[in-house]
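Written below as structure tokens is the structure these notes are about.
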Amino acid sequence: DTEVTQTPKHLVMGMTNKKSLKCEQHMGHRAMYWYKQKAKKPPELMFVYSYEKLSINESVPSRFSPECPNSSLLNLHLHALQPEDSALYLCASSQAYLGGLGANVLTFGAGSRLTVL
Amino acid sequence: QKEVEQNSGPLSVPEGAIASLNCTYSDRGSQSFFWYRQYSGKSPELIMSIYSNGDKEDGRFTAQLNKASQYVSLLIRDSQPSDSATYLCAVVPGGGADGLTFGKGTHLIIQP
Numbered sequence: 001d002t003e004v005t006q007t008p009k010h011l012v013m014g015m016t017n018k019k020s021l022k023c024e025q026h027m028g029h030r031a032m033y034w035y036k037q038k039a040k041k042p043p044e045l046m047f048v049y050s051y052e053k054l055s056i057n058e059s060v061p062s063r064f065s066p067e068c069p070n071s072s073l074l075n076l077h078l079h080a081l082q083p084e085d086s087a088l089y090l091c092a093s094s095q096a097y098l099g100g101l102g103a104n105v106l107t108f109g110a111g112s113r114l115t116v117l
Numbered sequence: 118q119k120e121v122e123q124n125s126g127p128l129s130v131p132e133g134a135i136a137s138l139n140c141t142y143s144d145r146g147s148q149s150f151f152w153y154r155q156y157s158g159k160s161p162e163l164i165m166s167i168y169s170n171g172d173k174e175d176g177r178f179t180a181q182l183n184k185a186s187q188y189v190s191l192l193i194r195d196s197q198p199s200d201s202a203t204y205l206c207a208v209v210p211g212g213g214a215d216g217l218t219f220g221k222g223t224h225l226i227i228q229p
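Line order of the protein sequences matches chains F and E.
The opening residue of the first sequence carries number 1 in the numbering used here; numbering runs sequentially from there.
The opening residue of the second sequence carries number 118 in the numbering used here; numbering runs sequentially from there.
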């Protein structure tokens, strides 16, 4: 299994809703990432988990809350989002822990396209 | 601020020709360099990684790295319409602890 699976593929939510994005990989990768990508822009790093511990939080607003229940799963909990949060949310994983050999050789999931009304 | 610069394009290349994509980076301590391909509405896909000066070839793709000039490029030989995509240059700044820094991407169009 060489895939990163993200669900749902599409999500529409209101500003008062609570929803979650899910990500799963079974490649034995020890680092997992959340990126946000707006149209015609490069991916922006949001969070990095290394060995199931939060390693990087790129000053993301608290309405985004990551969770790593185990080494294969990564969630992004969404609450009280704004319309400007509408974007493609990409999950990625890498073989090695952040900074080690093989780190940053990322495998991306297909993404979850989020629309906030 | 550590930056990765790419010409956003679009870069238009005839089918069968060589497409040349360029990238410069500001952090002289950078050690790892990547090219990702991203089709419209899809997620990025790793095309090439390069870590040392010189050329690295994989099929129709060649990555070139010149650390002295802080320059990395991607050549695509025998360009095909299916190569039409946005190509993202990504660099790991010195130290490696901050993850990838992406360039804004070059939009490549292969004309049949």
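All C-beta atoms in this analysis are idealised placements derived from N, C-alpha and C, irrespective of residue type, glycine included.
How many Å lie between F:Gln82 and F:Asn70 at the Cα? Rounded to the nearest angstrom, the two C-alpha atoms are 29 Å apart.
Interface residues of chain F facing E:Pro131 [CB-CB closer than 9 Å]: The premise fails here: E:Pro131 is roughly 24 Å from chain F at the closest Cβ pair, so nothing lies under 9 Å.
Please report the distance separating the alpha-carbon of F:Ser72 from that of E:Ala185. 40 Å
Give a yes or no on contact between the stretch 20-40 of chain F and the stretch 77-96 of chain F, applying the rule of three or more CB pairs nearer than 8 Å. yes
For chain F, is any of its Cβ atoms less than 9 Å away from the one on E:Leu128? no
Which complete beta strand (DSSP E) runs does the stretch 131-175 of chain E hold, if anything under 3 residues is left out? 136-142, 149-155, 162-167, 171-175
Give the residues of chain E in contact with F:Gly109, contact being defined as C-beta atoms less than 9 Å apart. Neighbours of F:Gly109 on chain E, chain order: Ser160.
Am I right that E:Gly211 and E:Gln148 are in contact with their C-beta atoms under 8 Å? What's the rounded C-beta distance? That pair is a contact at about 7 Å.
For the structure I just gave you, are there three or more beta carbon pairs, one from the stretch 17-27 of chain F and one from the stretch 125-137 of chain E, closer than 8 Å? no
Determine the direct distance from the alpha carbon of F:Tyr49 to that of F:Pro146, and round the result to whole angstroms. As shown, chain F starts at 1 and ends at 117. That puts residue 146 of chain F outside it, with no answer to give.
Distance check for E:Cys206 and E:Gln181, CA to CA, integer angstroms please. 12 Å
How long is the line joining the alpha carbons of E:Arg194 and E:Gln228, rounded to whole angstroms? 14 Å
E:Ile176: contacting residues in chain F (beta-carbon distance under 8 Å): The sequence as given places Gly at residue 176 of chain E; Ile does not occur at that position. Neighbours of E:Gly176 on chain F: none; closest Cβ ~18 Å, over 8 Å.
According to DSSP, F:Leu11 sits in a beta bridge with which residue or residues? Its beta-bridge partners are F:Leu114.
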